[in-house]
C-alpha cells in the first residue's frame, strides 16, 4: 500500500470524492492539508467487502521563499474511519475520524489522530491516536501554534 | 445527547496530549456546542471561540477567556439571528475574535482590559458562508460566502475610543469554484483556511442526479505583498470524480 500519490501536471489527481464536507487547513505559511479526499482504488487496497475507495489526507507544502506549492504526502486514515476535520499548525496536524464502520460497525466510536512534522527530515508522520468513544458526532477541531487542541463533541449524557 | 468541549494540552516534547479543560455546552446549546471553533494562536492558550447553534434555532457565539479562574461566556443576541454559527477565528496577539453566522454576517469582538467587547458587524458577502479569517494585523478579513469570496480591508482605528475602524470590501467578489452550479442539481459545500498571506477555498460538488459525478476543487490565493490589497490565484487543485471508471492517462485540470 503506497503512502504517496503520484501527481501529473500541476497537481492533477484522479480521485473519487466522498460525500463529506471537505475540510482544509493551512499552517502559518508553509503547509496545507486536505481531508476526505477519497482516492482512486488504484492507490489503496480496500479491505475485503468494502468499497474500492478510501478517504485520504493530502499534504501540500510551499517551498521556502517561493510561491510554489507541491503535493508531498497522501495518507489513508487508520482503521476503517473517514477523516472528518483537519486542523494544522506549523508542525502539528490534528484530524478527527469517525464513525467506526466495517467489522465492528460501531457508529459511536470516534478517534482523533495527530500527525507531526519531523523536525529533522521535514516529513509529516503519524504520531498518536486517541479514542473518543460514546460519540454521536465530532463537530469542530482546532489547534494552535503551541499544540493546544480544542474539540467540539456531540455525545451521550 | 449532550454537547461537550475538550481542550487538550501537549507535554513538553509535544508527543502526547492530556485533558486541560472540559465543559458541557452552555444553556441552550442543546446537543451541538459548536460546529466550528478556533483556539487562540498566541502564547496563552486561555481563550477560544466557538460558533455554533442552539436548540431554539438561533446562532450562538461563545468566547471563553480565562481571567484568573473565571470563564466568561458571551452569547450573541443581535439581529439578525443566524441559524447557525459557521465560522470562528480568534487571535490573542491582536486581541481580536471574529465569528460568522449562516446569514453571512460576521461579528467582531475586541479584548479590552480583560473584557471582550463586541465592536462591529461586517456586511455579509452572501449567505451560506464557509469560513472566515481576520489577519493578525487586523486589517484584512476574508469571508467565504455561498457563491463568492470577499476580502474586506480595514480603515480607521479599532483602538481609539470610540473605535473609528471599519471594514470595507476592496477586492470585489472572487467567484468561488463551482459557483455557477445550483443546489437544485448539485450539492455544494465549501470550506476555507487562511493565514496572513494565503487563503484556500475548497468546494466539494456532488451531482444529485448521478452520485457518481463529483468533484473537489481547491484554490489557493496569495497576497502580493508589494501591491497592497492585491491577491491572485496561485494554485488550483482539482480532483474530479470519476463517473464511469476510466483509467486513461491523467489529464491536467485547470479548475474550470
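Chains as they are written, first to last, in my numbering: chain A, -13 to 143; chain B, 47 to 302. Note that the Cβ used here is the ideal one computed from N, Cα and C, for glycine as well. Computed from a prediction, not measured in an experiment: that's the story for all the values here.
Contact check for residue 97 of chain A and residue 75 of chain A: beta-carbon distance about 19 angstroms, past the 8 angstroms limit, so the pair fails to qualify. In its chain, beyond the 5 residues on either side, 75 have a beta carbon closer than 8 angstroms to the beta carbon of residue 130 of chain A. With a 10 Å radius around the Cβ and a threshold of 16 neighbouring Cβ atoms, residue 200 of chain B comes out buried.
If you compare the alpha carbons of A:128, A:134, A:122 and A:69 with that of residue 49 of chain B, the shortest gap goes to A:122. When the alpha-carbon of residue 21 of chain A is set against those of A:83, A:125 and A:102, the nearest one is in A:83. Residue-level contact check: residue 55 of chain A touches chain B, since one or more beta carbons of chain B fall below 8 angstroms from its beta carbon. With respect to residue 57 of chain A, residue 44 of chain A sits close: the two C-beta atoms are nearer than 8 angstroms. Residue 97 of chain A sits in a strand when the DSSP states are folded into three classes. Listed along the chain, the chain A residues whose CB falls inside 8 angstroms of the CB of residue 194 of chain B amount to none; the nearest CB is some 17 angstroms away.
When beta bridges are read from the DSSP output, residue 56 of chain B appears opposite B:63. Chain B has a Cβ within less than 8 angstroms of the Cβ of residue 11 of chain A. If you ignore the 5 residues before and after residue 67 of chain B, its C-beta comes within less than 6 angstroms of the C-beta of 53, all in its own chain and listed in chain order. Excluding its 5 nearest sequence neighbours in each direction, residue 181 of chain B has C-beta neighbours in its own chain below 6 angstroms: 242, listed in chain order. When secondary structure is reduced to three states using DSSP, residue 241 of chain B falls in the coil class, being assigned neither helix nor strand. Annotation: the continuous beta strand (DSSP E) that includes residue 117 of chain A extends over 110 to 118. A Cβ-Cβ separation of about 28 angstroms leaves residue 127 of chain A out of contact with residue 49 of chain A under the 8 angstroms criterion. Straight-line measurement puts the Cα of residue 54 of chain A at about 22 angstroms from the Cα of residue 102 of chain A.
Counted as a single uninterrupted DSSP element, the beta strand (DSSP E) harbouring residue 123 of chain A occupies residues 121 to 129. Taking 8 angstroms as the CB threshold, residue 141 of chain A lines the interface with chain B. Taking 8 angstroms as the cut-off, the Cβ atoms of residue 188 of chain B and residue 10 of chain A do not count as close.
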